[in-house]
Every structure is written in structure tokens, then in C-alpha cells.
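One point on numbering: in this note's numbering, the residue at position 68 of the sequence shown is 835, and numbering is uninterrupted.
Ideal Cβ placement from N, Cα and C applies to all residues, glycine included.
It should be emphasised that the depicted structure is a prediction, and the values quoted were computed from it without experimental measurement.
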Amino acid sequence: MRRKNNKNISVPSKKEVLVNTNYTVISAGTELAQLNRITNPNVKFPFNPGYSGSGVVSYAGYKASFKVGDRVCGFLSHSSLSKVNRNNLFYVPNDIDLSDAAFSTIALIVLRGLENIDLSNKKIAIFGQGLIGQLLLQ
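Structure, rendered in C-alpha cells:
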């Protein structure tokens, strides 16, 4: 039986981090599709919605490469505490506001999409006016 902390989240493993979440970003189209089982068949219920946020490390496994007090962003659910694998987090420098850093995962989705498009002399249509589409327009 694994130990539990006072928030009913199991203690992070050696490569996991517990993050006190400050901000999360909602991509309504993606999250509604998941909740309604329209797309993303890999989601298994029950699950915690959300996948982009920022906060401060409150506990780190001994091989997690983070320490208590580090400002981080990445794959965080819409909850006050998130247990996250170290590979799904990034350091947030002190000169970047945590509210801006909360967009990190969504910005990576946009970046990966752009990397797969040949933009030379092509016209591109973006369907949808959600958050990801709005970032692509930028």
C-alpha cells in the first residue's frame, strides 16, 4: 500500500514531482472532445482534465531533477495539486510570469504542428477558432 499525503494523492515516485498549481489553461475544444469521447480514444475514465499549466514544486522524487520551490510549467491537470513525471515539466525563469508559462503545453502543440508544415509559397487554412487555432494564426 502506498503512502498518501494529506490531499489524497500518492507520494511521487523517484522521477515524479508534486506541483502546487498556480494557473492552468483550458483548451475547450480538446477537453470537451475528451469528455464526450469524440476524439482521443486513449483517455480512460475517470481522468483529470487539463494538460497545460504552471506552478511551484512542493515535493520532488530524488531523481526528478527538480527541487522544492522550483517554478515549473508543463503537463498539469486542472487541480490544485498535480503529480507529474519529470519529463513533462520545464523550469520557468524568474522573469517569466507563471500565468504566461501556463500556455507551455498548448504552445508546444502549435509548434509541433508548424514544424510539419511546409510554409514556403503555400496558403494554409486553419479550421476552428479555439485556443490552438488562435495561436496558430499568430
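Nearest-angstrom Cα separation, counted from residue j out to residue i
i, j, result
"valine 851", "valine 877", "22 Å"
"tyrosine 826", "asparagine 888", "49 Å"
"isoleucine 873", "isoleucine 899", "7 Å"
"glutamine 896", "valine 835", "38 Å"
"histidine 845", "threonine 791", "6 Å"
"serine 780", "glutamine 901", "37 Å"
"valine 778", "valine 824", "13 Å"
"glycine 820", "asparagine 855", "11 Å"
"arginine 838", "glycine 880", "27 Å"
"valine 859", "glutamate 882", "23 Å"
"phenylalanine 894", "isoleucine 805", "17 Å"
8 Å contact criterion, which residue i and residue j should meet: CB distance rounded
i, j, result
"valine 786", "leucine 848", "7 Å"
"glycine 828", "lysine 782", "6 Å"
"tyrosine 818", "phenylalanine 842", "5 Å"
"leucine 865", "asparagine 789", "5 Å"
"cysteine 840", "serine 794", "Rounded, the Cβ-Cβ distance is 15 Å, inconsistent with contact."
"alanine 868", "arginine 853", "The Cβ separation is near 17 Å, so there is no contact."
Where residue i sits in the DSSP three-state scheme
i, result
"asparagine 888", "coil"
"valine 877", "helix"
"leucine 856", "strand"
"alanine 831", "coil"
"glycine 900", "helix"
"methionine 768", "Because methionine 768 sits at a pLDDT of 32, beneath the cut-off of 50, its placement in the model cannot be relied upon, and the following sentence gives the value as read from the coordinates. Residue state, collapsed to three classes: coil."
"leucine 843", "coil"
CB contact below 8 Å: residue i versus chain D
i, result
"leucine 902", "Note that chain D does not occur in the displayed structure, where there is just one protein chain."
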